[in-house]
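Below is one structure, written out as structure tokens; the observations come after it.
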Amino acid sequence: MSKAPDMAVTIAGIRMKNPVLLASGTCGYGPEYADLIDLNALGGITVKGILAVPWEGNTPIRLTETPAGLLNAIGLQNPGMEKFISEYMPFLRRHQTAVIVNIWGRTMEEYGEVAARFDDVEGVHALELNISCPNLKAGGMEFGTDPKTAAQVISLVRKRTRLPLIPKLSPTVHAIAQFARVAEESGADAISLINSVPAMVIDVERRRPVLSNGVGGLTGAAIRPIAVRLVWQAARAVKIPIIGMGGISCGRDALEFLIAGASAVAVGTATFLDPGTALRVVSEIETYLQKHNLASVRDVIGTLEVS
Amino acid sequence: MSKAPDMAVTIAGIRMKNPVLLASGTCGYGPEYADLIDLNALGGITVKGILAVPWEGNTPIRLTETPAGLLNAIGLQNPGMEKFISEYMPFLRRHQTAVIVNIWGRTMEEYGEVAARFDDVEGVHALELNISCPNLKAGGMEFGTDPKTAAQVISLVRKRTRLPLIPKLSPTVHAIAQFARVAEESGADAISLINSVPAMVIDVERRRPVLSNGVGGLTGAAIRPIAVRLVWQAARAVKIPIIGMGGISCGRDALEFLIAGASAVAVGTATFLDPGTALRVVSEIETYLQKHNLASVRDVIGTLEVS
Amino acid sequence: MRLIEEATVLEHVAFGGGYRRIVFRAPNISRAAAPGQFVHVRIPQLSREALRRPFSIYRADGDELHVMYKPVGRGTHVMEHAHRGDVYSLIGPLGHGFSAEDRDTLPVCVAGGYGVAPLSFLAKRMRRKGVVFIGARAAPDILCTDDFASVGWDVHVATEDGSLGERGLITDALDRWIATRPAGPTPEIFACGPEGLMRALTLRAEKHGWQAWLSLDRPMGCGIGACLSCVQRLRGPDGKEYWARCCTEGPVFAARELVWEHA
Amino acid sequence: MRLIEEATVLEHVAFGGGYRRIVFRAPNISRAAAPGQFVHVRIPQLSREALRRPFSIYRADGDELHVMYKPVGRGTHVMEHAHRGDVYSLIGPLGHGFSAEDRDTLPVCVAGGYGVAPLSFLAKRMRRKGVVFIGARAAPDILCTDDFASVGWDVHVATEDGSLGERGLITDALDRWIATRPAGPTPEIFACGPEGLMRALTLRAEKHGWQAWLSLDRPMGCGIGACLSCVQRLRGPDGKEYWARCCTEGPVFAARELVWEHA
Ligand SMILES: Cc1cc2nc3c(=O)[nH]c(=O)nc-3n(C[C@H](O)[C@H](O)[C@H](O)COP(=O)(O)OP(=O)(O)OC[C@H]3O[C@@H](n4cnc5c(N)ncnc54)[C@H](O)[C@@H]3O)c2cc1C
Ligand SMILES: Cc1cc2nc3c(=O)[nH]c(=O)nc-3n(C[C@H](O)[C@H](O)[C@H](O)COP(=O)(O)OP(=O)(O)OC[C@H]3O[C@@H](n4cnc5c(N)ncnc54)[C@H](O)[C@@H]3O)c2cc1C
Ligand SMILES: Cc1cc2nc3c(=O)[nH]c(=O)nc-3n(C[C@H](O)[C@H](O)[C@H](O)COP(=O)(O)O)c2cc1C
Ligand SMILES: Cc1cc2nc3c(=O)[nH]c(=O)nc-3n(C[C@H](O)[C@H](O)[C@H](O)COP(=O)(O)O)c2cc1C
Ligand code: FES
Ligand code: FES
């Protein structure tokens, strides 16, 4: 057995001990899973989307299961930035893991306002800019599906914060490469891909959508092949690093993203099934690197050969 | 038990005995499944995509399994329109089922050429216009992801044939409603939704895509919630009928599409798992209608209530 | 403290009324469990991609953790094939359960469906004796009466077809009892069952000014408070409404805080 | 005529070399089956959404259809749990197999991995006696020698570690036999095994001008010719290349028609 491979990666200036994060919205604000997993062993944690003010989210039913997937329409419920900062940041600061705060706004200005507020909050390593949530009747998604609007919101936020900025792009655009370039040109330090895919399940007995919101976001293994494709297309279009996600549940899944060009990955839905997923992903990547005699995880990133 | 519900639907002027078709590319040209299922009991059959000339398609590996899905990159292999007409149309004409011919072209002109050729072929009930295949390096997909090009190709084909015209739209556009309207305005008689979703699976041991083509199209149950959402969004945008498909494997699945606004449905991947799927779907829809005291399948179409 | 435990199936038997009981060896969760709490169960024979399913804890005796369930859908139908020796991953004990503490009220349990499971556990952990109402469609669906009788509770049964106990709905039986009950300590309701029953009990508790503790059922993702999928509308002491998580702040809520109608 | 049949598992046993054998009751498919054909199997314990898996027919005796398989992935690992009485949906008999007809050649079978299954079936259906080469890594992986011996075939075995028969690759053993074989009828090769072996046999058949029939393995969707996923490049008699379907025109192809390299 060769010596332990180097798992560290640096993304958008954040040095992470390994390339495996928890995805926004699937790990709460940190304490929720702390009984069950060692947060310090993670590359990082991305907290649930934060708005300037508290936000109620949608009426239940908010979640339903689909074939190999999960459909949710939480509607971005969150306590607002002030309560998040006072209630959860002290906990997060005590941990040795990268803290990425996922933020959103109902208007361009609000995106800027939230970003500016975090600029001087200690312990925040980067901002993930959610411009692709399918679960809001207005806003959210719209910012991420028109290149011009995406450019505007990213540029605006860029001016309001010195923190590394990671826009999270929508998977429902045709030309992801174009959006990735727009993000890069507008000052993004990295890109997150993918958010959940807009989808719907109908209760045929009641002839109503199962989710009260009607449309929700599809996540989990079902969408993994779509996510891998998008990450590959985006990675070829830009120089900034990509954080890949969508249906990752084991080292092999994560390696698909890394090989496709992601510099880090995030685990979402699979954490619900097995809270230890992200840590298992870390060790399964290590095993793979050893088996393939690779000294560093960086040696697999973007190595896909296509004929 | 009330009397048998009326299952007939008329789409784009084609009267079908029931609203269940076999999807293009999953039932060959007709004879392949004839030993195993009674083609006369189907609403119709959509044959594999036909080009003006014979087409080789992609190098294998052409198919791989994904969680609750199937990824394929056949690359539209087909014998060309002349061989199809002489070899398969006589067989198809002998059957009492709607025959929809799926066609494509490498150029706008070629789309027109194929369409014109079928105008005087006896036994063809409609043309499905594939402008959304993800498995061609050039052409195919590109026609379906830009509204202007989509309008051009549909209008052109419209001029070359009197047959009912059913463009099959791409699922990877953000604003499906816009594309549906473009199709309607360009002379389409109905719309097919959805084609497979561009996706990729990577063999991490070889660091190559599993499919030789790199990207393939994802189908099967995994994409059903995405398809239902798109059909619902398109149905609200246009007056022409929609043929819904994507992961249908039972009556309940089909009813989701009908309730969302599809006037007929097609079964694809599920036929591989159980050749009798489409016929089972027919009888399960009948059972549902009886249980709900509905006299006709037309009474469920587009009945989704959204709050 | 939430735990994740690989639990071995010790026993799996039919129980009556279409219900089945699984006994797990889950020493850590079992010892930490309180009535009204639940376990979030990964069903190994279900596809690798399937969510966990929540089940109330029916009994926690030493190393043994009992769950009672009815096959209703994909997951529970697969659970029917659980064999002795199978290993299930459980997360638990989860949620905020019923209080078994001594108080000067008369505990009145009202159970519909699997609701008898957490309530039986509660009766066993309470030092007080109370009254229990168990309702179902017909005699075979009435479960666990002995659990309550054996700890000295007064058991009332109602079936819709009259095949056991009083004929009619459980709420009818409860209403008759309320109307005729002898003087004594103020009733305090503990209930678990279908949403219709929970709403009906909210009204009665309000009308009589009694405390009522209701266990609610919501589709759950994480089970531990992270996904915000399982919410129920509550009205806090300050009158402000908010969403509370059934998996964390619940599944047991005070009836007077519940807001049932929300646009 | 392709059939779809609900087949009951009659027997399921370990077989050696990591292989297992399932015996199905599938009277219709069994009676129609010919050597080299396969069945497309829906594995009931796999998720509802999973594709069928193709398996060669190992034996077809009256109502009984035998399949031999090795757990290698998701589907076959689940098949390991098949129990007597389980019902599997089979589509078959599928494909174009080996010809068992009398000819004036010497049949030479070459088997790697599960390839012994269709070839054993072939030997049993042939009236002629021939020579069979069975290769594997080590002694326990060498299967079915008795099947051939009992019908009077000359059995050659090669293992990479030399633990049974000749040491080395199966092609080495074949080459030695070719070099030293006594005069007699022209050999005709029938083979099934890994792609590397099939390529090696293509070269030998070409070199000696022998007929060779090779059974190929491709990921399959429909199994019946509709999806065009399972193709192999062939060169027709007119010299033109085209894609043929392994499930329909194959899985057995004439070696001289195979085109191995295609951009
Ligand atoms: C805190 C809690 C405790 C529970 N305790 C028990 C128990 O002790 N015994 C018992 O039999 N059941 C209990 N349930 C309900 C149990 O979780 C569901 O019956 C189970 O998840 C259904 O899984 P399934 O795969 O069989 O059904 P599915 O195929 O998932 O669904 C079947 C039907 O049930 C609905 N459904 C699925 N999950 C839930 C859910 N969590 N809540 C409400 N409806 C749902 C679906 O929408 C569908 O209509 C409890 C639920 C909760 C939230
Ligand atoms: C005509 C034919 C006859 C066959 N006969 C037999 C037989 O008699 N006994 C036997 O053990 N096996 C046989 N096979 C191979 C068998 O079908 C595969 O081993 C099986 O499908 C693997 O399923 P799985 O779910 O266990 O593996 P998966 O999890 O699907 O895959 C495991 C690995 O095998 C690869 N794989 C999957 N399916 C195939 C396939 N069809 N061909 C090649 N590689 C594949 C995957 O890419 C992966 O690398 C035959 C295949 C064909 C095409
Ligand atoms: C319940 C739930 C809530 C989510 N909330 C958010 C969110 O608040 N902000 C965000 O950017 N993404 C959110 N996501 C999307 C995830 O971060 C991730 O992009 C997506 O789930 C794909 O990864 P997965 O398939 O591993 O879950 C949420 C996903 C789920 C399942
Ligand atoms: C193997 C395969 C081949 C296909 N070939 C075509 C095609 O030639 N033309 C076309 O328009 N759609 C083609 N499709 C897409 C299907 O017609 C259908 O739109 C898609 O599979 C979604 O339905 P499903 O999930 O039920 O399979 C193909 C799908 C599969 C699986
Ligand atoms: S189930 Fe995730 S918060 Fe309750
Ligand atoms: S597997 Fe579908 S054509 Fe061969």
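Chains as they are written, first to last, in the working numbering: chain A, 29 to 335; chain Y, 29 to 335; chain X, 998 to 1260; chain U, 998 to 1260.
Every residue, glycine too, gets a C-beta built ideally from N, C-alpha and C.
Keep in mind it's a predicted model, so treat the numbers as computed, not measured.
With a threshold of 7 Å between beta-carbons, can residue i be considered close to chain Y, or not?
i: THR173/A; result: yes
i: PRO1041/U; result: no
i: ALA1223/U; result: yes
i: ILE182/A; result: no
i: PRO95/A; result: yes
i: VAL1069/U; result: no
i: LEU1211/U; result: no
i: ASP33/A; result: In the sequence on display, residue 33/A carries Pro and not Asp. Not closer than 7 Å to any Cβ of chain Y, the Cβ of PRO33/A fails to qualify, so no.
i: LEU317/A; result: no
i: ILE270/A; result: no
Would residue i pass as an interface residue toward chain A - the criterion being a Cβ-Cβ separation below 7 Å?
i: MET998/X; result: yes
i: MET228/Y; result: yes
i: GLN331/Y; result: Position check: residue 331/Y holds Thr in this sequence, whereas Gln was assumed. Chain A contact via Cβ: present.
i: ALA250/Y; result: yes
i: HIS202/Y; result: yes
i: ILE287/Y; result: yes
i: CYS1219/X; result: yes
Within 7 Å (strictly less), CB to CB, does residue i reach chain X?
i: SER1044/U; result: yes
i: ALA282/A; result: no
Indicate the three-state DSSP secondary structure (helix, strand or coil) for residue i in the structure shown.
i: PRO1248/X; result: strand
i: GLN261/A; result: helix
i: LEU1043/U; result: coil
i: SER220/A; result: strand
i: ASP1172/X; result: helix
i: LYS267/A; result: coil
i: ALA32/Y; result: coil
i: ARG1178/X; result: coil
i: LEU1194/U; result: helix
i: GLY1112/X; result: helix
i: ILE128/A; result: strand
i: THR38/A; result: strand
i: THR1102/U; result: coil
For residue i, tell me which candidate among the options has the shortest Cα-Cα distance.
i: TRP132/Y; options: ASN106/Y, GLU115/Y, MET117/Y and VAL293/Y; result: ASN106/Y
i: GLU1185/X; options: VAL1256/X, GLY1149/X and PHE1095/X; result: PHE1095/X
i: PHE1187/U; options: ARG1178/U, TRP1210/U and ASP1169/U; result: TRP1210/U
i: VAL1276/X; options: LEU1166/X, VAL1010/X and HIS1153/X; result: Residue coverage of chain X in this structure runs from 998 to 1260, which leaves residue 1276/X outside it and unanswerable.
i: ASN154/Y; options: GLY296/Y, ILE219/Y and MET136/Y; result: At residue 154/Y the sequence reads Ala, which differs from the Asn that was named. With distances taken between Cα atoms, ALA154/Y lies closest to ILE219/Y.
i: GLN124/A; options: VAL152/A, PHE112/A and GLU110/A; result: VAL152/A
i: ALA36/Y; options: THR331/Y, GLU333/Y and GLU314/Y; result: GLU314/Y
i: VAL1069/U; options: VAL1107/U, GLN1034/U, THR1102/U and ARG1017/U; result: ARG1017/U
i: PRO1004/X; options: MET998/X, PRO1137/X, ARG1196/X and ILE1019/X; result: Looking at the sequence provided, one finds Ala at residue 1004/X rather than Pro. Out of MET998/X, PRO1137/X, ARG1196/X and ILE1019/X, ILE1019/X has the C-alpha closest to the C-alpha of ALA1004/X.
Could you tell me whether any Cβ in chain U is nearer than 7 Å to the Cβ of residue i?
i: ILE78/Y; result: no
In chain A, what lies closer than 7 Å to residue i by C-beta?
i: ILE1001/X; result: LEU64 and PRO303
i: GLY242/Y; result: VAL334
Going along chain Y, which residues have a C-beta under 7 Å from residue i?
i: ARG1215/U; result: PRO88
Mind listing the chain Y neighbours of residue i? Cutoff is C-beta to C-beta under 8 Å, in chain order.
i: THR189/A; result: Going along chain Y, no residue has its Cβ under 8 Å from THR189/A, so there is no contact; the nearest lies around 27 Å.
Mind pulling the chain U residues with CB within less than 7 Å of residue i?
i: GLU84/Y; result: TRP1240
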